[in-house]
Amino acid sequence: MSDKTKKNTFLEAIPTLPLRDVVVFPDMIFPLFVGREKSLSSLDVAMKTNKQICLVTQKFPNIDAVKRADLHDVGVVGNIIQMLKLPDGTIKLLIETKYRVKINQFYDQPNYFSADISKLEEKNGDATEVKAATRALKDKFREYISYEDRIPSDLVAAILELENSSKLADHIASSLPMKIEKKQLILAEFDIALRLENILSFIKGELQIIDTENKIKTRVKSQLESSQKEYYLNEQLKAIKKELGEAAEDAEDDLELFAKLIKEKSLSKEAENKAKSELKKLKSMNPLSSEAGIVRGYLEWLLNIPWRETKELKIDIAKSEEILDKEHYGLDKVKERILEFIAVNKRVKLLKGPILCLVGPPGVGKTSLAKSIANSVGRDFAKISLGGVRDEAEIRGHRRTYIGAMPGKIIQQLKKVKSSNPLFLLDEIDKMGQDFRGDPSSALLEVLDPEQNSNFSDHYLEVDYDLSEVMFVTTANSLNLPHALRDRMEIINLSGYIEREKLEIAKRHLIPKQISLHGLGKAELKISDLAITNLVRNYTYEAGVRNLEREIANLARKATKKIDSNTKLKSITITPKNLSQYAGVEKFSFGKIEEKDLIGVTTGLAYTEFGGDILALEAVKIPGDGKIICTGKLGDVMKESIQAAYSYFKSRAHEFGVTEEEYKKYDIHLHVPEGATPKDGPSAGIGICTSIVSILTSIAVDRLVAMTGEITLRGRVLPIGGLKE
Numbered sequence: 064m065s066d067k068t069k070k071n072t073f074l075e076a077i078p079t080l081p082l083r084d085v086v087v088f089p090d091m092i093f094p095l096f097v098g099r100e101k102s103l104s105s106l107d108v109a110m111k112t113n114k115q116i117c118l119v120t121q122k123f124p125n126i127d128a129v130k131r132a133d134l135h136d137v138g139v140v141g142n143i144i145q146m147l148k149l150p151d152g153t154i155k156l157l158i159e160t161k162y163r164v165k166i167n168q169f170y171d172q173p174n175y176f177s178a179d180i181s182k183l184e185e186k187n188g189d190a191t192e193v194k195a196a197t198r199a200l201k202d203k204f205r206e207y208i209s210y211e212d213r214i215p216s217d218l219v220a221a222i223l224e225l226e227n228s229s230k231l232a233d234h235i236a237s238s239l240p241m242k243i244e245k246k247q248l249i250l251a252e253f254d255i256a257l258r259l260e261n262i263l264s265f266i267k268g269e270l271q272i273i274d275t276e277n278k279i280k281t282r283v284k285s286q287l288e289s290s291q292k293e294y295y296l297n298e299q300l301k302a303i304k305k306e307l308g309e310a311a312e313d314a315e316d317d318l319e320l321f322a323k324l325i326k327e328k329s330l331s332k333e334a335e336n337k338a339k340s341e342l343k344k345l346k347s348m349n350p351l352s353s354e355a356g357i358v359r360g361y362l363e364w365l366l367n368i369p370w371r372e373t374k375e376l377k378i379d380i381a382k383s384e385e386i387l388d389k390e391h392y393g394l395d396k397v398k399e400r401i402l403e404f405i406a407v408n409k410r411v412k413l414l415k416g417p418i419l420c421l422v423g424p425p426g427v428g429k430t431s432l433a434k435s436i437a438n439s440v441g442r443d444f445a446k447i448s449l450g451g452v453r454d455e456a457e458i459r460g461h462r463r464t465y466i467g468a469m470p471g472k473i474i475q476q477l478k479k480v481k482s483s484n485p486l487f488l489l490d491e492i493d494k495m496g497q498d499f500r501g502d503p504s505s506a507l508l509e510v511l512d513p514e515q516n517s518n519f520s521d522h523y524l525e526v527d528y529d530l531s532e533v534m535f536v537t538t539a540n541s542l543n544l545p546h547a548l549r550d551r552m553e554i555i556n557l558s559g560y561i562e563r564e565k566l567e568i569a570k571r572h573l574i575p576k577q578i579s580l581h582g583l584g585k586a587e588l589k590i591s592d593l594a595i596t597n598l599v600r601n602y603t604y605e606a607g608v609r610n611l612e613r614e615i616a617n618l619a620r621k622a623t624k625k626i627d628s629n630t631k632l633k634s635i636t637i638t639p640k641n642l643s644q645y646a647g648v649e650k651f652s653f654g655k656i657e658e659k660d661l662i663g664v665t666t667g668l669a670y671t672e673f674g675g676d677i678l679a680l681e682a683v684k685i686p687g688d689g690k691i692i693c694t695g696k697l698g699d700v701m702k703e704s705i706q707a708a709y710s711y712f713k714s715r716a717h718e719f720g721v722t723e724e725e726y727k728k729y730d731i732h733l734h735v736p737e738g739a740t741p742k743d744g745p746s747a748g749i750g751i752c753t754s755i756v757s758i759l760t761s762i763a764v765d766r767l768v769a770m771t772g773e774i775t776l777r778g779r780v781l782p783i784g785g786l787k788e
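Mapping of the sequence shown onto the working numbering: residues 64 to 788, in sequence order.
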């Protein structure tokens, strides 16, 4: 082959553009949008050379890292006419396509795509056959466009004027609504006669579908007219029967039922007027219309909500206290506050607020405590879980104009409990989010304000609902809440349980519950107090008791298996000696301190979300220029506390017997072990200061003295809050 011929039929390493959802044909001008980095680089290479680029369609459009196996074998070569950069970084191209090519080799270069290609020569075949197929295709295409108006008329005219059969086939295939795979098959067909036949076959199929659709539409229209006629005849027959007195007395239709409910229900004045107005509108509507269905659904909601259907409260403070003590051990301050609320509620029949917010770590019993409050005051219990809620409509409801509109969760739960004075638990209020659908935490501001919620407005109901008799209780793991929302609630902190409380909870609640769930008798499984204590210390690390319950369930399972597999064994007693046989290897070390006094190591006391803990504060000195380095996943407050402790030490260094020259020779590296655990707060200040003084004076710290508290720049140690942990 001569060099000239080779140049015309074979191209090496031409920049290549993989296309996602489009197949391009030769002899056309196509607009394309390009956004992928490598594709953009391929364009740059093409623009710097001869503006020639190969376009080939991907087999799967969702693939970004394109390989040879992901591309079809046949594509098109084209010239870039125009390139325009859009504000979002994508490029709009105008490409004039030239001819079909076969992809011989595809290269995934470091920055762009390229391919070795060869031109595909078309096969003309029998001239008479091609001419006949061309004429038949033009006739069917004219018939098709008489039904299909998506193809512009000027484009249709231009296509029908084409004399070249190959170009005609390509232009028609490009304009038809074919699947990508079908278009690719037509692009890959180099026999012109076969290409024309394939397109003709597709158009004939589309015309058959259009014909069938028209028949179905005609049939449905006649059926609809028939059903409307039947409906009117039935209505006339019903009226005749009523005049003759033959209608059964109990055959009330929906309209009569709605009218009856409006009279019987104790609706608010506004709701009653709205219900009557909607019923009047419904009577004048065609029952088969979609709007009639919307009005009917609205009336069902409006008339099934408990407007003034309050449950009688039987308030007995002694009984309430008994219920709270029976269902929850400890939590004395919380119970006291609840009993105060109940006592006031007994005297003042219509008490507005307060809104209680139970804040504490997971597993301390916030949700179950809310249920106990409902039991103790004799209210129905309703709950909404707000974790992950991002849509304001979840609280306020959707407007009726939307398809599938419903009231918000507040109104939905009130309908479910069928009373207008339940205890309403808003669970995980700190886990709400916000996005383009609104801010649900702001929508709650009206709900949780005793001065405003007597006129709560739900978008779906369009009338005000009185929430003033509802008792709201919310729960949260942290006070990470909008200030306005936090301001409306009375915060009650539920701190974690201490060891003694966990022991009692296990004995009173968890062990009996798990023995029952595992089908054991009370005498078949016994766990000693010391074994429970070891379980708490060495197998769980938490503020609540969820993991403790899991460990007890594990013991119950092991005991059940052992008793069932050994018929002679009647019962199992678990003690500290045999605990590891059932619970496995200890998971945590409890209260471990250093074995001897060390220089630069201070024993600190810490409060974490898992309860109280002991941690070592370590310091070493290394040659340097007086800087301080902090590690151990520390928060900003703790880092500032370290700076304050170091500044205090430097201001009083001479009193500790350390000269300025001495401490400026060293950098101090402070580390708080267990680097994976986040730590924050100022209370490590005194421990940090002690470690700094120890390392620079070479005096060991007494390991048996644990300390906590914030240190000021003047050396004062501030007290921490009242933490039982």
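No residue lacks a Cβ here, since even glycine has one placed at the ideal position from N, Cα and C.
By the 10 Å Cβ neighbour count, where 16 or more other Cβ atoms means buried, how is I279 classified, buried or exposed?
On the sequence shown, position 216 is the one that residue 279 refers to. When all chains shown are included, I279 counts as exposed.
Between which two residues does the alpha helix (DSSP H) carrying Q172 extend?
Mapped onto the sequence shown, residue 172 falls at position 109. From DSSP, Q172 is part of no alpha helix (DSSP H); its letter is neither H nor E.
Taking one C-beta from the segment 125-138 and one from the segment 202-210 each time, how about it: are there three or more such pairs within less than 8 Å?
As far as the Cβ criterion goes, the segment 125-138 does not touch the segment 202-210, which means the pair count is below three.
Could you tell me the alpha carbon to alpha carbon distance between S754 and I677, rounded to whole angstroms?
One-based indexing of the sequence shown puts residue 754 at position 691. One-based indexing of the sequence shown puts residue 677 at position 614. For S754 and I677, the distance between alpha carbons rounds to 15 Å.
Own chain, CB closer than 6 Å to S238, minus 5 neighbours either side, in chain order
Here residue 238 refers to the residue found at position 175 when the sequence shown is read from its first residue. Answer for S238: I214, listed in chain order.
Compare the Cα-Cα distances from I626 to each of E612, R613 and Y645 and report the closest residue.
Here residue 626 refers to the residue found at position 563 of the sequence shown. Ranking the options by Cα distance to I626, first place goes to Y645.
Tell me the rounded alpha-carbon separation between E363 and K478.
Working through the sequence shown from its first residue, we reach residue 363 at position 300. Working through the sequence shown from its first residue, we reach residue 478 at position 415. Taking the straight line joining both Cα atoms gives about 11 Å.
Would a check of beta-carbon distances place K787 closer than 8 Å to chain D?
You won't find chain D in this structure, because it holds only one protein chain.
From I126, K148 and T464, residue whose alpha carbon lies closest to that of L82:
For the purposes of this step, residue 82 is identified with residue 19 of the sequence shown, where counting begins at 1. Among I126, K148 and T464, the Cα nearest to that of L82 belongs to I126.
Close beta carbons around K727, own chain, < 8 Å, minus the five adjacent residues each side:
The count along the sequence shown starts at 1 and reaches residue 727 at position 664. So the list reads D688 and G689, once near-sequence residues are dropped.
For A236, which residues of its own chain have a beta-carbon under 7 Å away from its beta-carbon, when the five flanking residues on both sides are left out?
If you number the sequence shown from 1, residue 236 lands on position 173. Taken in chain order, the residues that qualify are F88, K246, I249 and I262.
A506: which of P485, D527 and G460 sits nearest, CA to CA?
Here residue 506 is taken as the residue at index 443 of the sequence shown, counted from 1. Closest option to A506, Cα to Cα, is G460.
Does DSSP classify K278 as helix, strand or coil?
On the sequence shown, residue 278 is found 215 positions in, with the first residue counted as 1. Reduced to three states, the DSSP call for K278 is helix.
In or out: S102 buried (at least 16 other Cβ within 10 Å) or exposed?
The residue given as residue 102 occupies position 39 in the sequence shown. With 16 or more other Cβ atoms within 10 Å, it is buried.
Assign E773 to one of three DSSP states: helix, strand, or coil.
Taking the sequence shown and counting its residues from 1, the one referred to as residue 773 is at position 710. It is a strand residue.
Taking the beta strand (DSSP E) that D730 falls in, what are its first and last residues?
Taking the first residue of the sequence shown as position 1, residue 730 is located at position 667. Segment Y729 to H734, the beta strand (DSSP E) holding D730.
What does DSSP give as the partner residues of A529 in its beta bridges?
Walking along the sequence shown from the start, residue 529 turns up at place 466. This sequence places Asp at residue 529; Ala is not what is there. The partner list for D529 (beta bridge, DSSP) is empty, contrary to what the question assumes.
Helix or strand or just coil, what does DSSP make of G663?
For this step, residue 663 is matched to residue 600 along the sequence shown. In this structure, G663 counts as coil in the three-state DSSP scheme.
Taking the CB atoms as reference points, tell me whether N142 and E159 lie closer together than 8 Å.
Here residue 142 refers to the residue found at position 79 when the sequence shown is read from its first residue. Here residue 159 refers to the residue found at position 96 when the sequence shown is read from its first residue. Yes.
Looking at V422: is its Cβ nearer than 8 Å to the Cβ of I378?
The count along the sequence shown starts at 1 and reaches residue 422 at position 359. The count along the sequence shown starts at 1 and reaches residue 378 at position 315. No. Outside cutoff.
Complete alpha helix (DSSP H) runs within the segment 174-236 (minimum length 4 residues, chain order)
For the segment 174-236, whole alpha helix (DSSP H) runs of length 4 or above, ordered along the chain, are 190-210 and 216-223.
Determine the extent of the alpha helix (DSSP H) in which P686 is found, giving its start and end residues.
For the purposes of this step, residue 686 is identified with residue 623 of the sequence shown, where counting begins at 1. If you look at P686, you'll find it isn't in any alpha helix (DSSP H); it sits in the beta strand (DSSP E) that goes G674 to P686.
Exposed unless 16 or more other CB atoms sit within 10 angstroms - verdict on N543
Counted from its first residue, the sequence shown places residue 543 at position 480. Answer is exposed; the Cβ neighbour count stays below 16.
If you draw a straight line from the C-alpha of G675 to the C-alpha of K565, how long is it?
Translated into the one-based positions of the sequence shown, residue 675 becomes position 612. Translated into the one-based positions of the sequence shown, residue 565 becomes position 502. When only Cα atoms are considered, G675 and K565 end up about 14 Å apart.
As a quick exercise: from Y528, L583 and K155, pick the residue whose alpha carbon is nearest that of F93.
For the purposes of this step, residue 93 is taken as residue 30 along the sequence shown, with counting starting at 1. Ranking the options by Cα distance to F93, first place goes to K155.
Within the chosen definition, does the segment 572-590 reach the segment 601-619 through at least 3 CB pairs nearer than 8 Å?
Yes, since at least three Cβ pairs between the segment 572-590 and the segment 601-619 fall closer than 8 Å, the two stretches touch.
Drop a sphere of 10 angstroms on the beta-carbon of G138, count the other beta-carbons inside from all chains shown, and report buried for 16 or more, exposed for fewer.
Residue mapping note: residue 138 aligns to position 75 of the sequence shown, counting from 1. It is buried - the Cβ of G138 has at least 16 other Cβ atoms within 10 Å.
Separation of Y604 from R777, as counted between CA atoms
The residue labelled residue 777 in the question sits at position 714 within the sequence shown. The residue labelled residue 604 in the question sits at position 541 within the sequence shown. If I take the Cα positions, the gap works out to 37 Å.
Is DSSP giving N518 helix, strand or coil here?
For this step, residue 518 is matched to residue 455 along the sequence shown. Per DSSP, reduced to three states, the secondary structure at N518 is helical.
Report the partner residues of T636 according to the DSSP bridge assignment.
For the purposes of this step, residue 636 is identified with residue 573 of the sequence shown, where counting begins at 1. For T636, which the question treats as bridged, DSSP gives the partners K589.
Would you kindly work out how many angstroms separate the C-alpha atoms of K570 and L530, rounded to a whole number?
On the sequence shown, residue 570 is found 507 positions in, with the first residue counted as 1. On the sequence shown, residue 530 is found 467 positions in, with the first residue counted as 1. Cα to Cα, the separation comes out at about 40 Å.
Out of curiosity, what's the CA-to-CA distance linking N806 and E525?
Residue 806 is absent from the model: the chain starts at 64 and stops at 788.
What does the alpha-carbon distance come out to for the pair T666 and A679?
In the sequence shown, the residue the question calls residue 666 occupies position 603. In the sequence shown, the residue the question calls residue 679 occupies position 616. Taking the straight line from one Cα to the other gives about 5 Å.
Quick one, which of A708, C693, V700 and T760 has its alpha-carbon nearest G720's?
Start at 1 with the first residue of the sequence shown, and residue 720 comes out as number 657. Nearest of A708, C693, V700 and T760 to G720, Cα basis: T760.
Go to T537, then tell me how far its beta strand (DSSP E) extends in each direction, as first and last residue.
Counted from its first residue, the sequence shown places residue 537 at position 474. That run of the beta strand (DSSP E) goes M534 to A539.
Tell me which residue opens and which closes the alpha helix (DSSP H) that T694 is part of.
In the sequence shown, residue 694 corresponds to position 631, counting from 1. Where T694 is concerned, there is no enclosing alpha helix (DSSP H), although the beta strand (DSSP E) it sits in stretches over I691 to T694.
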